[in-house]
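Converting from the sequence shown to the working numbering requires adding 235 to each position, the first position being numbered 1. The next block holds one structure in the form of structure tokens; read it before the comments.
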Amino acid sequence: MRTITNEEQYRRMVETPVQKAVISLAIPTTISQLVTVIYNTADTYFVAQIGTSAAAAVGVVFSLMSLIQAAGFGLGMGASSLISRQLGAKQTEEANKIGSSAFFAAVICGTLLMAGGLLSLNHLMRLLGATRTVLPYACSYGFIILLGAPFMCSAFVLNNILRAEGQASLAMWGLCTGGILNMILDPILIWGFKMGISGAALATVLSQLVSFSILLSFFVRKKTIVQLDMRYISRRKHTYMTIIRSGVPTICRQGLGSVASAALNMQASVFGDAALAAMTIANKIYMLVRNLVIGIGQGLQPVAGYNYGAGRKKRVRGAFWFASLLGTAICVAAAGLLFIAAPDVLAWFRHDDSEVIRLGAKALRISCIVMPFLAYSTYVNQIYQCLGFSRPATFLASCRQGIFFIPLVIVLPLFSGFLGVQLSQPAADFCTFLISVPFQIRFFRKHLSETQKEEDKRRKQRENMAS
236 MRTITNEEQY RRMVETPVQK AVISLAIPTT ISQLVTVIYN TADTYFVAQI
286 GTSAAAAVGV VFSLMSLIQA AGFGLGMGAS SLISRQLGAK QTEEANKIGS
336 SAFFAAVICG TLLMAGGLLS LNHLMRLLGA TRTVLPYACS YGFIILLGAP
386 FMCSAFVLNN ILRAEGQASL AMWGLCTGGI LNMILDPILI WGFKMGISGA
436 ALATVLSQLV SFSILLSFFV RKKTIVQLDM RYISRRKHTY MTIIRSGVPT
486 ICRQGLGSVA SAALNMQASV FGDAALAAMT IANKIYMLVR NLVIGIGQGL
536 QPVAGYNYGA GRKKRVRGAF WFASLLGTAI CVAAAGLLFI AAPDVLAWFR
586 HDDSEVIRLG AKALRISCIV MPFLAYSTYV NQIYQCLGFS RPATFLASCR
636 QGIFFIPLVI VLPLFSGFLG VQLSQPAADF CTFLISVPFQ IRFFRKHLSE
686 TQKEEDKRRK QRENMAS
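Next comes the structure, spelled out in structure tokens:
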């Protein structure tokens with residue numbers, strides 16, 4: 236595999252038609268997201284065969300994994316936002332410093348999360364919504380997941396650096412290999428080695444370790460534009476604060492996702508283990524579509540970042556609208572299919588529990604109603620973040636899982652019982668869409684509208700290149 240140069244990648248990102256550029260990056264990122272959610276769903280499927288309480292435990296530990304992801308993705312997305320703009324401005328040395336510093340910070344952060352979680356495991360699982368019957372399964376699963384926290388955090392950073400420099404295919408190989416391995420190991424460890432739910436957790440950690448090793452190997456073998464090296468690790472507080480500030484929207488999104496998941500678990504558990512298992516499974520299926528949308532957005536982000544750094548605002552606008560149309564079309568198709576097949580999809584997980592099927596199918600169908608609005612609001616948030624507008628990006632990132640969801644999941648069940656639990660996330664998604672519209676309009680008018688002088692400069696550059 237030939238190593239692409241920074242100049243070649245620059246020309247590819249700022250000169251290739253935006254539709255082609257977005258799709259070329261969105262295909263591997265979407266495949267990566269799809270494989271990730273498939274192996275997470277497969278994990279839920281295999282664990283669900285153990286029992287309803289075990290299936291509910293996956294939902295509890297998912298909140299813990301969201302915390303780990305908040306740290307890893309926050310550092311990774313913060314670094315990638317900066318790196319893509321630095322590479323667009325041809326500041327490779329600065330990109331190396333940001334990437335190396337973010338990777339070092341992820342190793343430290345993952346280690347601290349592991350230590351803190353292991354020291355307070357029982358209390359943490361209860362805090363995340365585990366009932367008395369679910370707690371033993373949640374502790375067994377969570378203990379092993381925590382052991383893999385340093386590798387998970389670091390892999391998220393490596394993955395996002397590769398995407399930031401437009402090397403989405405390399406990132407895909409790392410994630411997909413680990414994901415496929417997870418699906419193979421699940422039944423072997425759960426039943427073959429009779430490890431039960433601990434086997435599912437071990438399969439996840441081993442697959443994450445493999446993904447981490449593959450991703451790191453690309454940097455070690457100098458297959459990347461950004462180079463990781465001890466000499467590039469910054470000793471200045473400002474560097475880390477800049478990375479964290481750029482990653483705050485992701486930290487809020489993932490961190491509030493963990494809080495929201497815990498709140499949902501606690502509200503659902505009031506109605507029994509079947510209700511908790513139903514919401515866990517329905518959310519996993521919904522995440523399949525959401526991850527497809529995010530995959531397309533991860534194809535949009537480096538294209539937008541490179542072109543914004545290069546002053547090509549029109550291409551940023553074009554990339555946003557193309558991604559929004561593509562993502563919305565996928566959401567509409569998925570919503571129609573899942574609405575019709577909801578009971579059959581739930582039965583695939585828990586065919587012998589009619590109550591889980593009934594409650595989960597209804598929750599999934601309600602989610603399908605608002606699914607077509609998902610892509611647009613996601614990309615409005617992503618365009619703010621990848622172009623470095625941290626404050627509005629943080630606000631938008633906080634809407635879906637925090638500002639709207641948490642009050643809704645607390646208040647709605649008081650009036651509607653379990654229906655209120657089922658309605659809370661779709662209602663939050665729709666409110667997030669409504670508030671994204673004025674943010675998008677204002678952002679395009681203020682930051683992505685070229686003056687006549689800028690347009691003339693762009694035209695002269697194209698004419699000079701053609702001659």
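Ideal Cβ positions, reconstructed from N, Cα and C, are used throughout, including at glycine.
Exposed or buried, residue i, counting other C-beta atoms within 10 Å across all chains shown (16 or more means buried)?
i, result
"Thr515", "buried"
"Asn500", "buried"
"Ile343", "exposed"
"Pro661", "buried"
"Phe339", "buried"
"Gly427", "exposed"
"Thr240", "exposed"
"Asn357", "exposed"
"Ser335", "buried"
"Gly652", "exposed"
"Val505", "exposed"
"Leu317", "buried"
"Leu393", "buried"
"Val524", "buried"
"Val270", "buried"
"Leu647", "buried"
Could you give the distance in angstroms between the alpha-carbon of residue i and the alpha-carbon of residue j?
i, j, result
"Arg635", "Leu463", "34 Å"
"Leu347", "Pro252", "44 Å"
"Ser288", "Lys597", "20 Å"
"Leu363", "Arg550", "43 Å"
"Ser671", "Thr629", "12 Å"
"Met248", "Gly431", "47 Å"
"Ile460", "Leu609", "33 Å"
"Ser315", "Lys332", "12 Å"
"Ser206", "Gln326", "As displayed, the chain neither begins before 236 nor continues past 702, which places residue 206 out of reach and without an answer."
"His682", "Pro673", "14 Å"
"Ala701", "Ala545", "Note that Ala701 scores 48 on pLDDT, short of 50, meaning its location in the model is unreliable; the coordinates nonetheless yield the value given after this. Spanning the two alpha carbons is a distance of roughly 18 Å."
"Glu242", "Leu649", "59 Å"
"Gln620", "Glu250", "23 Å"
"Ala558", "Val272", "20 Å"
"Ile396", "Gly311", "7 Å"
"Ala365", "Leu299", "12 Å"
"Lys472", "Glu329", "15 Å"
"Gly313", "Val615", "17 Å"
"Met360", "Phe386", "21 Å"
"Pro484", "Asn542", "21 Å"
"Gln687", "Lys548", "Legend: pLDDT at Gln687 = 43, less than 50; position of this residue unreliable, no value from coordinates given."
"Gly309", "Arg488", "9 Å"
"Val580", "Leu560", "27 Å"
"Asp278", "Arg677", "42 Å"
"Gly294", "Tyr372", "11 Å"
"Ile468", "Ala337", "8 Å"
"Ile479", "Ala399", "16 Å"
Please say whether residue j and residue i have beta carbons closer to each other than 8 Å?
i, j, result
"Ser446", "Leu410", "yes"
"Val369", "Ala292", "yes"
"Tyr376", "Val440", "no"
"Phe640", "Ser659", "yes"
"Pro319", "Gln533", "Sequence inspection shows Ser at residue 319; the Pro mentioned does not correspond to that position. Contact: no."
"Ala497", "Val644", "no"
"Asn417", "Tyr280", "no"
"Ile604", "Phe555", "no"
"Leu424", "Leu437", "yes"
"Ala512", "Ala290", "yes"
"Gly345", "Ser389", "yes"
"Gly401", "Gln244", "yes"
"Leu381", "Leu420", "no"
"Leu599", "Ile565", "no"
"Gln657", "Ile575", "no"
"Val591", "Ala509", "yes"
"Gly540", "Leu622", "yes"
"Leu573", "Ile520", "yes"
"Phe391", "Gly307", "yes"
"Ser612", "Phe668", "yes"
If contacts are defined as beta-carbon pairs under 8 Å, then residue i and residue j qualify, I think. What distance do you get, rounded to the angstrom?
i, j, result
"Ala261", "Gly530", "6 Å"
"Ala570", "Met606", "4 Å"
"Ala384", "Met349", "4 Å"
"Ile486", "Ala663", "Contact doesn't hold; Cβ gap of about 19 Å is too wide."
"Val282", "Val538", "Incorrect: roughly 38 Å between the Cβ atoms, too far for contact."
"Pro263", "Met476", "No, Pro263 and Met476 are not in contact; Cβ-Cβ is about 31 Å, not under 8 Å."
"Gly413", "Gln443", "6 Å"
"Ala495", "Gly637", "7 Å"
"Lys457", "Leu405", "Going by Cβ atoms, the distance from Lys457 to Leu405 rounds to 12 Å, so no, they are not a contact pair."
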